[in-house]
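Student: One structure, pasted below without further comment.
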Amino acid sequence: MEMGLQYDREIRRWCLDGRDLHCGDGLVVQVGGRWLPVRVESDDRHGWLLYGDGDRVRILPSRSLPARSES
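What follows is the structure in structure tokens.
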């Protein structure tokens with residue numbers, strides 16, 4: 025089931041499938057109509073980032089992305 029990647033301002037973390045994500049957690053997000061496997065990381069300078077195959081995407085707390093668990 026496809027869920028949205030949501031930011032929880034109380035715990036200051038991104039959440040997916042009812043669980044909060046931690047640095048290094050893998051997931052699949054939809055960007056530009058394509059599903060991409062990524063891992064989530066926190067960066068003091070840039071906030072939260074998603075890392076994929078050679079790509080880095082900054083995600084803002086006000087945004088929601090279609091996402092699903094990696095499995």
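25 is the number of the first residue of the sequence shown in my numbering; add one for each residue after it.
Cβ atoms here follow ideal geometry from the backbone N, Cα and C, with glycine treated the same way.
Have a look at Pro61 and Val52 and give me their C-alpha separation to the nearest angstrom.
Tutor: Cα to Cα, Pro61 sits roughly 4 angstroms from Val52.
Student: Which residue or residues does DSSP assign as beta-bridge partners of Ser93?
Tutor: According to DSSP, Ser93 bridges with Leu51.
Student: Specify, as a first and last residue, the run of the beta strand (DSSP E) that Gly71 falls within.
Tutor: Its beta strand (DSSP E) spans residues Gly71 to Tyr75.
Student: Per DSSP, which one or two residues make a beta bridge with Ser115?
Tutor: The chain is shown from 25 up to 95; residue 115 falls before or after that span and cannot be answered.
Student: Locate the beta strand (DSSP E) running through Arg37, then write down its first and last residues.
Tutor: Run containing Arg37: Arg37 to Leu40, per the beta strand (DSSP E) assignment.
Student: With C-beta atoms as the reference, is Arg82 less than 9 angstroms away from Leu89?
Tutor: Contact: no.
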